[in-house]
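A quick write-up on the structure given underneath.
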Amino acid sequence: MRINLIPVEQRPLKQNYIRWQFVVILLGVIILIVISSLGFMKKFNVKALQQQYTAAVEYNAILGLQVSYVKELEQHTQELAQRLNHYEQQLSVSARQSKEMLDLIMLSIPDSVWIEKVELEPFQVALQGYTLNAGLVSQFLQDLSKIGFKTRVNDLKELSELSLIGFSITVQRGKSGE
18 MRINLIPVEQ RPLKQNYIRW QFVVILLGVI ILIVISSLGF MKKFNVKALQ
68 QQYTAAVEYN AILGLQVSYV KELEQHTQEL AQRLNHYEQQ LSVSARQSKE
118 MLDLIMLSIP DSVWIEKVEL EPFQVALQGY TLNAGLVSQF LQDLSKIGFK
168 TRVNDLKELS ELSLIGFSIT VQRGKSGE
C-alpha cells in the first residue's frame, strides 16, 4: 500500500480527468467563434439585403417612369382614336358626297364622250377625256350646269393624229359662272 502525503489540491490529476478551467475556456472560445461567425454572417446578410433594397428602389423608379410613359401613350392613343373617329366621320360624309357627285356626273356624260382620267378631291372632280366632236363637250358642260355643278374647262385641244378632241374639265358643286 502506498500512502500519498501530498495534499489533495497539489496532487497531479488522473489522466482521464479534465480540469474545469480548461472546459470553461474551451466553451468560451467556442462561444466566441460562434458569435463572431454569426456576426460576420449577419453582416454579409445585411449587405445583401441592402443591395436588394437599393435594386428594388431603382427598379421602382424605373417602373414609375414606365407607368408615366404608358399613361402618356394611353392618352396619346385616346387622342389618336378620337382624331381617327373624326376623320372617319368626315371621310364617310365626304365619300358619300363624292360618290353622289360622281354618280351624277357619270349619268350626264354623252355617248360619244370618253373619260380617260378622274381625279377626286373633297369638293371637286377633275375629268380628262376625249370626244369626236367639240359640241359634245359643250353639251356635257351644259348638262352638268343644269344639275347644279360649276364647271371650268382647263384644256381643250385637238389630238391631230386621231382627229379627236381632248379636254380637261374641273367640276364643283354650285352653279356655273359664280
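Residues 18 to 195, numbered by our numbering, are exactly what the sequence shown covers, in order.
Heads up, the beta-carbon is just placed ideally off N, CA and C, and yes, glycines get one too.
Beta-carbon contacts of residue i that lie in its chain and below 7 Å, excluding the five residues immediately before and after
i      : result
Gly194 : Summary for Gly194: the model assigns pLDDT 45, below 50, so the residue's position carries little reliability; its value from the coordinates is reported in the next sentence. Here the set comprises nothing.
Phe140 : Gln189, Arg190
Ile132 : Ile126, Leu144, Gly146
Ser177 : none
Residue i to residue j span [Cα, whole Å]
i      : j      : result
Trp37  : Asn21  : 24 Å
Leu66  : Ala73  : 10 Å
Ala143 : Ser109 : 20 Å
Glu96  : Lys88  : 12 Å
Gly152 : Ile182 : 10 Å
Leu49  : Lys31  : 29 Å
Ser53  : Gln69  : 24 Å
Ile79  : Thr71  : 12 Å
Ser162 : Asn150 : 19 Å
Asn62  : Leu55  : 10 Å
Gly81  : Ala112 : 45 Å
Met123 : His93  : 43 Å
Phe39  : Glu75  : 54 Å
Leu179 : Gln99  : 53 Å
Contact set for residue i: own chain, Cβ-Cβ below 6 Å, skip 5 residues either direction
i      : result
Arg169 : Thr187
Ser115 : Leu137
Reference residue i; option with closest CA among the options
i      : options                       : result
Gln174 : Val154, Leu43, Ile48, Asp128  : Note that residue 174 is Lys in the sequence shown, not Gln. Lys174 has its Cα closest to that of Val154, out of Val154, Leu43, Ile48, Asp128.
Pro127 : Glu136, Arg100, Leu158, Ile79 : Leu158
Asp172 : Gln106, Phe57, Gln27, Gln145  : Gln145
Whether residue i touches residue j by CB criterion (7 Å)
i      : j      : result
Val130 : Thr148 : yes
Ser185 : Asp160 : no
Leu119 : Ile164 : no
Bridge partners - residue i, DSSP secondary structure assignment
i      : result
Val188 : Val142, Thr168
Ile48  : Partner(s): none; Ile48 has no beta bridge.
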